[in-house]
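These notes are about the structure you will find just below.
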Amino acid sequence: MTAARGAVPRSAPPPTPSTVIGVVARRIGQALVAEGRLRSPQLDDMIRRADGRERRPGWLLVEAGALDEAGWVERVAAHFGMSTARIADFAIDRALAARVPEEVARRHEVLPLCDGGGEVYVAVVDPTKLDVFDHLRRLLAAPILPVLVAPSELASALEQIFLKDQPIDFEHVDGAELGDLSAAELARLREEGESGRAVQLVDRLLAHAISAGASDIHIETTLNHLRVRFRVDGVLRDGPRYPVALAAMVVSRVKVMAQLDISERFVPQDGRVRLRRTSQDLDLRVSCVPVARGEKVVIRLLSAGRGRGSLAALGLPTEVAARLRAQVARPQGMFLVTGPTGSGKTSTLYGLLGECATTETNVVTIEDPVEYESSRSTRSP
């Protein structure tokens, strides 16, 4: 088509980020089709369902199970011609990261890592956000070098960075001395446990544990600080450290949540509480144990729906699941499940119970403690 004489031909509008995101998904998807890892109708259906609402370039392929996260990073980086990185390989400069407001970092999924000799390495998950990169250059007052990282790594790093910076506002809080509690001290402890500062701090710990997939939170007082650790994949990992003066406030908050006796600090206590977060029900099993420096608190995080899980939901290989079903189908015998904390013993057993508990059978369990509620079996503590 030629332009009319004397008319100025109109140029095509520049591509929008959403247009670029859709193009990336199609090109990566076409490569997967060529490799035989995806069928063309599947790709068309994915793109049609996304309807331009992708969170990141090509991410619909991860959500559909066609790519894992590492494969997504590799292919998207190759498409945009940019470098990839693992956040664990960087010593994050906290002063540099603090120049970017938390709201900006979380909303746009970016995190300054360190100064690389004149330019700042910035972890990103969406290379199309050029306007955000311009904003970061102004905030950091330096050129930036975006590097593509796995979204789960970035989410974990953001939680760690901003969670660890939180206690600064609380350093002035006085801690309670050991000894008998007066009525005034008891009232103060309860007030601290219900204060906005205590609620916010414990809520952030719970949010971090949920996002990291932790099974337990360990809170304990050491000589110089209040130490928090999270058990992830069966291994305890260091979390934030707070001023030791916060110990009484944090322990009181957890006790208030679990409806424990906050005046009793020399006897072990156990409690439970159910929370709803982002449409997810969580059962928290709380244990408080007196130790040399106050009390140690352990919070076990249990998904309220997991007790209704099935063996199929565990993702076991077909042949392994078949052997398990054959074992539990026997009329008598003993079935042992062993492994370290967080290895999946409880999930496996509850999955097997889901296979056995039918209308025709009467299932009674003896558990110490009862971790999940279920309407399909009778559970005795």
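Every letter in the sequence shown is one number past the one before it in my numbering, and letter 16, counting from 1, is -4.
All C-beta atoms, glycine included, are put in the ideal place defined by N, C-alpha and C.
Since we're looking at a predicted model, the values are computed, not measured.
CA nearest to the CA of residue i, picked from the options
i: Glu275; options: Asp241, Pro297, Ala227 and Ala306; result: Ala227
i: Ala46; options: His188, Arg117 and Leu18; result: Leu18
i: Leu93; options: Lys109, Glu133 and Val56; result: Glu133
i: Val234; options: Ser323, Val317, Val253 and Ala301; result: Val253
i: Leu296; options: Cys336, Thr328 and Ser191; result: Thr328
i: Ala44; options: Gly96, Leu12 and Lys109; result: Leu12
i: Asp106; options: Pro131, Ala178, Ala14 and Phe210; result: Pro131
i: Leu206; options: Leu186, Ser191, Arg184 and Val231; result: Val231
i: Val208; options: Ser195, Leu185, Ser191 and Ala192; result: Leu185
i: Gly91; options: Ser191, Glu99, Glu82 and Val212; result: The sequence given here places Leu at residue 91; Gly does not occur at that position. Nearest C-alpha to Leu91: Glu82.
i: Asp196; options: Arg211, Ile190, Asp183 and Val182; result: Arg211
i: Val56; options: Arg35, Gly251, Ala122 and Val4; result: Val4
i: Leu264; options: Arg303, Asp183 and Ala309; result: Asp183
i: Gly214; options: Arg35, Lys325, Ala58 and Gly251; result: Lys325
i: Leu119; options: Val277, Asp95, Ala14 and Val80; result: Val80
i: Arg35; options: Arg87, Ala78, Phe70 and Ala75; result: Arg87
Cα-Cα separation, residue i to residue j
i: Gly219; j: Phe142; result: 11 angstroms
i: Thr345; j: Gln180; result: 38 angstroms
i: Thr339; j: Tyr330; result: 17 angstroms
i: Arg6; j: Cys268; result: 53 angstroms
i: Leu138; j: Met237; result: 26 angstroms
i: Leu41; j: Leu23; result: 8 angstroms
i: Glu157; j: Met229; result: For Glu157, the pLDDT reaches just 35, beneath the cut-off of 50, and the residue's location in the model is therefore unreliable, although a value from the coordinates is still provided. If you take the alpha carbons of Glu157 and Met229, they lie about 12 angstroms apart.
i: Val319; j: His188; result: For the record, residue 319 in the displayed sequence is Gly; it is not Val. Each residue's alpha carbon lies about 25 angstroms from the other.
i: Glu347; j: Leu262; result: 19 angstroms
i: Val104; j: Glu89; result: 6 angstroms
i: Ala85; j: Ala302; result: 46 angstroms
i: Leu304; j: Met314; result: 12 angstroms
i: Leu281; j: Gln140; result: 19 angstroms
i: Phe113; j: Thr298; result: 46 angstroms
i: Gly334; j: Pro37; result: 39 angstroms
i: Ala58; j: Leu316; result: 48 angstroms
i: Leu51; j: Gly9; result: Here the sequence assigns Gly to residue 51, which means Leu is not the residue at that position. Distance between the alpha carbons of Gly51 and Gly9: 12 angstroms.
i: Asn342; j: Cys336; result: 9 angstroms
Those residues which DSSP pairs with residue i across a bridge
i: His205; result: Pro223
i: Ser267; result: Asp250 and Val278
i: His198; result: Arg209 and Val278
i: Pro126; result: Val102
i: Arg217; result: Phe210
i: Leu262; result: Leu255 and Ser283
3-residue-minimum beta strand (DSSP E) runs that sit fully inside the region 34 to 107, ordered along the chain: 90 to 95 and 100 to 104
Meets three-Cβ-pair contact criterion under 8 angstroms: the region 205 to 225 and the region 237 to 249: no
Given 8 angstroms, three or more beta-carbon pairs between the region 110 to 128 and the region 58 to 78: yes
Stretch-stretch touch, CB-based, cutoff 8 angstroms, three pairs: the region 194 to 208 with the region 265 to 273: yes
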